[in-house]
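Numbering (the numbering used here), first residue to last: 259 to 330. Where a beta carbon is used, it is the ideal one built from N, C-alpha and C, also for glycine.
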């Protein structure tokens, strides 16, 4: 879906993965292939713009940790 809303100000983008229960920040392509969680997070300083998540299984608590860490 494409939004007609234009964010003002700079955007931050982070990709995260998880290998053997270890969080990987901005994983390489090889790490991303081995990761059981693939998260792409886009935000401004105060707002989340987009979250894309592919995961085999993730708890709500773990997802909350990832989202909080991504927005730091």
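{"Item": "C-alpha distance - residue 284 paired with residue 309, whole-angstrom precision", "Value": "15 Å"}
{"Item": "Exposure label - residue 293; buried when at least 16 CB within 10 Å", "Value": "buried"}
{"Item": "Residue of 316, 325, 275 minimising C-alpha distance to residue 296", "Value": "275"}
{"Item": "Sequence-distant residues of its chain with Cβ nearer than 7 Å to residue 240 (five each side left out)", "Value": "As shown, the chain starts at 259 and ends at 330. That puts residue 240 outside it, with no answer to give."}
{"Item": "Same chain, Cβ closer than 7 Å to residue 316, neighbours up to 5 away in sequence not counted", "Value": "295"}
{"Item": "Completely contained alpha helix (DSSP H) runs for the stretch 267–303, where each covers 4 or more residues", "Value": "287–292"}
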